[in-house]
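Written below as structure tokens is the structure these notes are about.
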Amino acid sequence: MPPVRVRFAPSPTGFFHIGSARTALFNWLYARHTGGVFILRIEDTDQARNSEEFLRLIYDSMRWLGLDWDEGPEPATNGQRGAHGPYRQSQRAETYRSYLQMLRDAGRAYDKDGAVWFKLEGERYRTFDDHRKKEVEKVKCGPVVIEDQVRGRVERMEDEDFVIFRSDGNPVFHFVNVVDDIAMNVTHVIRGEDHLSNTSKHVRLYEGFGAQPPVFAHIPLILKSPEMGPGKMSKRDKGALIEEYRQRYFLPEAVVNYLSLLGWNPGDDREKMPIKEIEKLFDFPGINQSNAKFDSRKLDHMNMLYTLEEDRDRYVENAREFADERGKFLESQAKKLAESHPENANIARGNAAFLREAVADESYFRNVVSLFRAKGFGTEALFPSDPSKSFSDLFSATVYFFSDEYPMNQEVKSKVLAKGDPKARLDDLLQALPGMDFSSDLAIETAIKDLATAKGLGFGDYQAVARLAVTGTNAGPSITSIFRLLGKVRVDRRLRQFRESV
RNA sequence: GCCCCCAUCGUCUAGCGGCUAGGACAGCGGCUUCUCAAGCCGUUAACCGGGGUUCGAUUCCCCGUGGGGGCGCCA
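Residue 15 is where the first sequence starts when you use our numbering, and the numbers rise one by one after that.
Written as structure tokens, this is what we have:
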């Protein structure tokens, strides 16, 4: 058995979306599973629609996901890695020319209407095509038989010559795809089911070159979730772009784990698995035949599982980076808005300044972020997808840690104030505060419990009103941690201020 | 219109002729903790329909229906 060589061949004509990522992942997994070679090949023959920016996004997204390639472009050096390059089709014109000559020499290519066509073998006849509303020439030949590793035996008739070089002189997808797979010794083609119908063309081309077709594995597509409507996931659908998850600081392991489960499973109940485990178990028999609908809630859940066990330092680093990025974004917004909407510009500038201050005290920032990490913050709550809500994120959830100007949730306020005797509880706390030990969560908890016991009450009678006073809301970390991080001075000031307002 | 693929809870799926049809997400109910989460316990929910084959079909075959994809000088 020759070593496995698989490839992922995206074209840089748009954002990198989860369908592409999943195809890349399955190829990568198969290479790693078999100890084979994973090739990245850029299919950029359509100059009109290509862009260097989208190309960069492919590299970045793949690296973020951890899908390293053994052969392919070397973007850092503008070079190539591997012996079968170049790996950008825009640089392979010579190869295509010589392969075309092979076809011409074998009498399998001819010119028509300025384009070059691939010639099928068989008896010819003309017929009217209803769909295309024109007469076409068909060729009588046997069906193409594909032994697909996922679909099983698939037969399809390929009965029309097709274009392999456009009249503008550029080769078309079917041609370059097959030529490169031959030239790069690709042994297994793993791609989306939308290519299944194309495969008959490809097999005919392999035959035309006298080459052995690779093993095909057509994997199921990722469809929209029911609430998004019918059809397959497209770049416009919410949650379709890998870039979005990166910007929202999803953990790439979580995204990869979720994606691996879309159309594949290990054959048992396991879902959350380290990538090494997935590598070990991944193989064609585990791949499903039916399409899978995308479910963002399950992805969120997977991300939460990873977040909860995420290494603390990296989590804090991510938060810091987020604050930094968001700060820059806000500053640039402020600059843009300065003349047209000065008020909004001021808000943006203020928020940016806030973020700068928040990260300035490193250990304090670290402590605050860690508190939220322990609560599984990591998805929408922490890093929202909607940039217009520029402040409804970690820093709206934590604003009271960094500023005395935190919003008071009026709904929560009226609810909390309606229960028991909040004013008395605030007075109790203010009175006990000077003597309280703030050295640890446990010490604070003990102090509040002692106070409650002395008054014939429970911890909860103090928790809600204290939380409201110092945070303005009813959600967040434990009140003891909040007290400890804020420190006695600020707690005292806020309790006092709040007491006066009620 | 033609061709190809697919079909188990709302969603991801296990099942590979005999199961009380299992798990996960979401939902619902409860417990626990100082709130919100998380966690724990419980619970609602599925074999698309019709024919065969078989002692027996979710499982194999055919038809229908439904879903998806393709039918470019896009990739």
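Backbone N, C-alpha and C define an ideal beta-carbon position, used for all residues, glycine too.
By the C-beta density criterion, GLU172 is buried, having at least 16 other C-beta atoms within 10 angstroms. CA-CA distance, ILE458 to ASN365, rounds to 32 Å. The beta carbon of SER239 lies closer than 6 Å to those of LYS307, PHE308 and ASP309 in the same chain, with the five residues before and after it left out. With a threshold of 16 other beta carbon atoms within 10 Å, ALA489 falls short and is exposed. Cβ neighbours of GLU169 within its own chain (closer than 8 Å, five residues either side excluded): PRO157, VAL158, VAL159 and ILE160. Between ILE32 and the set ARG19, HIS47, ALA478 and ASN271, the nearest pair of CA atoms involves ASN271. Within the same chain, LEU344, GLU345 and ALA348 come within 8 Å of ARG363 by CB-CB distance, once the 5 residues on both sides are set aside. For TRP278, DSSP records a beta bridge to ILE301. When DSSP states are grouped into helix, strand and coil, LEU235 belongs to the coil group. Straight-line measurement puts the Cα of ARG340 at about 28 Å from the Cα of ALA483. Among the bridge pairs identified by DSSP, HIS31 is matched with LEU255.
Judged by DSSP secondary structure, HIS98 falls outside any beta strand (DSSP E); it is assigned neither H nor E. If you draw a straight line from the Cα of LYS294 to the Cα of GLU335, it is about 33 Å long.
One thing to note: ASP162 has its Cβ within 8 Å of the Cβ of PHE230. As far as DSSP is concerned, HIS188 takes part in no beta bridge. Comparing C-alpha distances from SER104 to each of PRO87, SER211 and LEU440 shows the shortest one belongs to PRO87. Between GLN477 and ILE493 a beta carbon distance of about 5 Å is seen, short of the 8 Å cut, so the two are scored as contacting. Excluding five sequence positions before and after LEU369, the CB atoms of its chain that fall closer than 8 Å to its own CB belong to ALA337, ASP338, ARG340, GLY341, LEU344 and PHE409, given in chain order. Beyond the five residues adjoining it in sequence on each side, PRO228 comes within less than 7 Å, by CB distance, of ASP195, VAL200, THR201, HIS202 and VAL203 in the same chain, given in chain order.
In the structure shown, TYR420 falls within a coil segment according to DSSP collapsed to helix, strand and coil. Contact between TYR420 and VAL413 holds, since their C-beta atoms are separated by about 5 Å, short of 8 Å. Between THR91 and ARG205, the C-beta gap is not smaller than 8 Å, which leaves the two residues out of contact. Rounded to the nearest whole angstrom, the CA to CA distance from ARG498 to ARG504 is 10 Å. The shortest C-alpha to C-alpha distance from ILE236 to any of GLY222, ALA225, GLY449 and ASP251 is the one to ASP251. The beta strand (DSSP E) runs of length 3 or more contained entirely in the segment 126–192 are, from start to end of the chain, 129–132, 137–143, 148–154, 158–162, 166–170 and 176–179.
Per DSSP, reduced to three states, the secondary structure at ARG481 is helical. Residue burial is scored here from C-beta neighbours: TYR110 has at least 16 other C-beta atoms within 10 angstroms and is therefore classed as buried.
With fewer than 16 other Cβ atoms inside 10 Å of its own Cβ, SER112 counts as exposed.
In this structure LEU313 is not in contact with GLY222, their Cβ atoms being roughly 43 Å apart against a cut-off of 8 Å. Take the alpha-carbon of THR321 and the one of HIS188: they are about 43 Å apart.
SER384 sits close to VAL330, with the two beta carbons spaced by under 8 Å. Taking C-beta separations shorter than 7 Å and ignoring five residues to either side along the sequence, the partners of ALA225 in its chain run ILE196, following chain order. The segment 116–133 makes no contact with the segment 69–89, as fewer than three CB pairs between them are under 8 Å.
Here ASP283 is exposed, its C-beta having fewer than 16 other C-beta atoms within 10 Å. With respect to ASP451, ALA461 sits close: the two C-beta atoms are nearer than 8 Å.
The C-alpha of LYS133 is placed about 8 Å away from the C-alpha of GLY121.
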